[in-house]
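**Q**
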Amino acid sequence: MNTQAYRETSRTSTIDLTKIGLVAALYVAVTLILSVISFGAIQLRLSEMFNYLAIFHKRYIVAVTLGVVIVNFLSPMWFLDVPVGGIATFLVLILSRAVTKNIKNLKVKMAVTAIIFALSMFTVAGQLYIVFDLPFWVTYVTVGIGELLSMTIGGIIIYLVNKKVDLAK
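Each residue of the sequence shown is one higher than the last, beginning at 2 in the working numbering.
The following block contains the structure:
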């Protein structure tokens, strides 16, 4: 057995797990610090900026999904938010990564990702409609705009961070 290859595989695995844990924890922390604006029909969940990480490396699909699931246990609609939000986040992260994989321009890649996430907010609007009887289309628009705003602000932050730190590593 090649012990060097084994050590490199183990090391990479440990580094990946550490990065996954850090991103999941950051997602939870940012959402909770800004919890007043992170839940509800009008929301600005700035932690959604971490969605962009999935276009840099597939490990962040797990990281962000885990962060969403953990923080959604604290949502007023946790009984729907945990399974629906978790599954929707996972699927939309995979979709965003697949749709943008051949786009070379990072700004375009991030813009497409932001639009995909804003359009995916029908899941949140549906939950708010079911639980609180809020009007679906109005709620979809407000939550979608909030998501687009969060992704825009977060996109600027992630873009600048990526200039200093290679997020693909």
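In this text, a Cβ means the ideal position worked out from N, Cα and C, and glycines have one as well.
What are the start and end residues of the alpha helix (DSSP H) that includes Arg60?
**A** Looking up residue 60 in the sequence shown gives position 59. Looking at the DSSP string, the run of the alpha helix (DSSP H) that includes Arg60 is 60-73.
**Q** Start and end of the alpha helix (DSSP H) containing Ile43?
**A** In the sequence shown, residue 43 corresponds to position 42, counting from 1. Per DSSP, Ile43 belongs to no alpha helix (DSSP H) and is neither H nor E.
**Q** Near Ser48, which residues of its chain fall below 6 Å by C-beta distance, leaving aside the five closest residues on each side in sequence?
**A** In the sequence shown, residue 48 corresponds to position 47, counting from 1. The answer, listed in chain order, is Tyr28, Val31, Thr32.
**Q** Under three-state DSSP, which class holds Tyr7?
**A** For the purposes of this step, residue 7 is taken as the residue at position 6 of the sequence shown. Note that Tyr7 scores a pLDDT of 48, beneath 50, so its modelled location is shaky and nothing firm can be said.
**Q** Measuring only the C-alpha atoms, how far is Leu149 from Met111?
**A** Residue mapping note: residue 149 aligns to position 148 of the sequence shown, counting from 1. Residue mapping note: residue 111 aligns to position 110 of the sequence shown, counting from 1. Using only the alpha carbons, I get a separation of about 11 Å.
**Q** Looking at the structure shown, is Lys20 part of a helix, part of a strand, or coil, going by DSSP?
**A** Reading the sequence shown from its first residue, position 19 is the one you call residue 20. Three-state result, Lys20: helix.
**Q** Would you check if there are 3 or more beta carbon pairs closer than 8 Å linking the region 106-122 to the region 64-71?
**A** Contact fails between the region 106-122 and the region 64-71, because fewer than three Cβ pairs, one in each stretch, are under 8 Å apart.
**Q** Kindly confirm or deny that the region 90-109 and the region 130-142 touch, where touching means at least three C-beta pairs closer than 8 Å.
**A** no
**Q** Hey, Ala64 and Lys20 are a contact pair by Cβ (cut 8 Å); roughly how many whole angstroms apart?
**A** Translated into the one-based positions of the sequence shown, residue 64 becomes position 63. Translated into the one-based positions of the sequence shown, residue 20 becomes position 19. That pair is a contact at about 7 Å.
**Q** At 4 residues or longer, and completely inside the region 70-156: list those alpha helix (DSSP H) runs for me, N to C.
**A** 87-101, 107-120, 123-133
**Q** Are three or more beta carbon pairs between the region 85-95 and the region 119-126 nearer than 8 Å?
**A** Because the criterion of three Cβ pairs below 8 Å is met, the region 85-95 and the region 119-126 touch.
**Q** Which stretch, first to last residue, makes up the alpha helix (DSSP H) that contains Leu168?
**A** Residue 168 sits at position 167 when you count from the first residue of the sequence shown. Note, Leu168: premise wrong, no alpha helix (DSSP H); not H, not E.
**Q** Specify, as a first and last residue, the run of the alpha helix (DSSP H) that Leu54 falls within.
**A** As a first step, residue 54 must be located in the sequence shown, where it is residue number 53. 54-57 is the span of the alpha helix (DSSP H), which, as asked, contains Leu54.
**Q** Taking C-alpha atoms, which residue in Thr15, Met78, Tyr53, Val166 lies nearest to Ala119?
**A** Position 118 of the sequence shown holds residue 119. The alpha carbon of Ala119 has as its nearest neighbour, out of Thr15, Met78, Tyr53, Val166, the alpha carbon of Tyr53.
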